[in-house]
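According to my numbering, the sequence shown is numbered sequentially starting from 75.
Cβ atoms here follow ideal geometry from the backbone N, Cα and C, with glycine treated the same way.
In what follows, a single structure is set out as structure tokens and then discussed.
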Amino acid sequence: QVQLVESGGGLVQAGGSLSLSCVASGSILWINAMGWYRQTPGKQRELVATVTSGGSKNYADSVKGRFTISRDYAKNTVYLQMNSLKSEDTAVYYCYGAHGGDGMVYWGAGILVTVSS
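Dropping the structure here:
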């Protein structure tokens, strides 16, 4: 079992910045990729950014150049730095961790990011 707890969401004006954090606990030794998805009402959850255990990063086209994902292995934490925020970035952001041992994908409870225009 892996527990993921997000923090850092909130309200920000368009053009502003916000940083999200996600701390993993539990059976973390086998966590491979970690990252972030987001979801708005009536839409499917979409990938925002991911980072593998080897450090490879992948971003959705819509956030490339504006968002940066990073991972602190010592702190079992993944971060998402969001710059130049747009109203369309408003969503609930979910942290996830892919477990290489049991094959499960674990999710955080989600955190709301609201960008006002």
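Any idea what DSSP makes of residue i, helix, strand or coil?
i    : result
S136 : coil
D163 : helix
W110 : strand
S93  : strand
T188 : strand
T126 : coil
A88  : coil
G82  : coil
S99  : strand
K117 : coil
Q77  : strand
Relative to the C-alpha of residue i, which candidate in the options has its C-alpha closest?
i    : options                   : result
V86  : A172, S130 and L159       : L159
S95  : I143, G116, K131 and V137 : I143
Y180 : S91, S127 and A107        : A107
D135 : G84, Q155, T151 and E120  : E120
V166 : W110, I185 and H173       : I185
V76  : L103, G129 and L92        : L103
Using a 10 Å radius around the Cβ and a threshold of 16 neighbouring Cβ atoms, would you call residue i buried or exposed?
i    : result
G171 : buried
A148 : exposed
A183 : exposed
L78  : buried
D146 : exposed
G89  : exposed
E80  : buried
Taking DSSP's pairing of strands, which residues face residue i in a bridge?
i    : result
W181 : Y170
R145 : V152
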